[in-house]
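What follows is a single structure, written as structure tokens, with notes after it.
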Amino acid sequence: MAQIFLVILVSLGAQFARAGILDLNVAYANDSVKTATTTTNSLMAYDLAVGIPIGKRDLYVSFAFGGYTSSFNPGTATTWNGTDMGIKFGGFFGRGKLFTSSLTYNLKSTVKYSDGTNSVELRGTSLRFDIGVNYWFADNAAVSAKLFYYSPTLGEEIDATTLNTVSYARTTMGQCIGLAWVF
110 MAQIFLVILV
120 SLGAQFARAG
130 ILDLNVAYAN
140 DSVKTATTTT
150 NSLMAYDLAV
160 GIPIGKRDLY
170 VSFAFGGYTS
180 SFNPGTATTW
190 NGTDMGIKFG
200 GFFGRGKLFT
210 SSLTYNLKST
220 VKYSDGTNSV
230 ELRGTSLRFD
240 IGVNYWFADN
250 AAVSAKLFYY
260 SPTLGEEIDA
270 TTLNTVSYAR
280 TTMGQCIGLA
290 WVF
């Protein structure tokens, strides 16, 4: 699927004056609570998108690849390591392209989940939405502060030998830093 989408991007990109866009977003958070026991939480998420402009406006469609890692440790570590691949629609809005927003539908979302005792692989789809404010430090490059919403919906669970149908979901909201380069 990735190769087909890349061929479409390259062939369509040749038809536009602007060849494409590179969009990178990164989020990191860490939290530690010390009471009778120490509990730590950490989160790292990223997504990278390479795409082409749509029409004459500042809209784009792209192929997106992302990763999401979190750890919750109230004594026994629970980890969630996921990767996503899908299609991202986004754009720049307002006077001087001050605002940015995008919606990513990841057709493939894979998570390796471990709770200290069990370790399984989960598969499904995910959705990511972000909105933010840009600072254009060059004619074609911007750094942005964004708020994001991320929600995978996982329908398959694979343990050592069995494929099970499940209905798992997770929702994360937070802030991230973005970098966009229009080339």
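Reminder that position 152 of the sequence shown reads as 261 in the working numbering, one-by-one numbering, no gaps.
Every residue gets a Cβ at the ideal spot worked out from N, C-alpha and C, and that includes glycine.
All figures in this text were calculated on a predicted structure; none of them were measured in a lab.
C-alpha distance - residue i paired with residue j, whole-angstrom precision
i, j, result
"Ala173", "Gly160", "8 Å"
"Val241", "Gly164", "The sequence shown places Gly at residue 241, rather than the Val named in the question. Going by the C-alpha atoms only, they are around 22 Å apart."
"Phe238", "Tyr259", "7 Å"
"Ala250", "Phe201", "12 Å"
"Thr147", "Asn139", "13 Å"
"Leu157", "Lys221", "20 Å"
"Phe257", "Ile196", "16 Å"
"Pro261", "Leu131", "23 Å"
"Gly175", "Pro183", "27 Å"
"Arg279", "Asn215", "14 Å"
"Asn150", "Leu236", "23 Å"
"Pro162", "Gly233", "28 Å"
"Met282", "Thr209", "17 Å"
"Phe246", "Val252", "7 Å"
"Ile267", "Ser223", "12 Å"
"Glu265", "Trp189", "15 Å"
Nearest neighbour of residue i, chosen from the options [CA to CA]
i, options, result
"Lys206", "Asn134, Asp248, Tyr258 and Ser141", "Asp248"
"Leu168", "Ser228, Leu212 and Thr146", "Leu212"
"Val293", "Phe292, Ile286 and Gly191", "Because the chain here runs from 110 to 292, residue 293 falls outside it and cannot be looked at."
"Ala136", "Gly287, Val291 and Phe292", "Gly287"
"Asn134", "Cys285, Thr226 and Gly199", "Cys285"
Residue i in three-state terms, based on DSSP
i, result
"Arg204", "helix"
"Pro261", "strand"
"Asp224", "coil"
"Gly184", "coil"
"Ala269", "coil"
"Asp132", "strand"
"Asp167", "coil"
"Thr144", "coil"
"Asn249", "coil"
"Lys217", "strand"
Limits of the beta strand (DSSP E) - the one that residue i falls within
i, result
"Asp156", "Thr147 to Ile163"
"Thr281", "Thr281 to Val291"
Chain B within 8 Å of residue i, Cβ atoms only
i, result
"Thr213", "In the structure shown, chain B cannot be found, because there is only a single protein chain."
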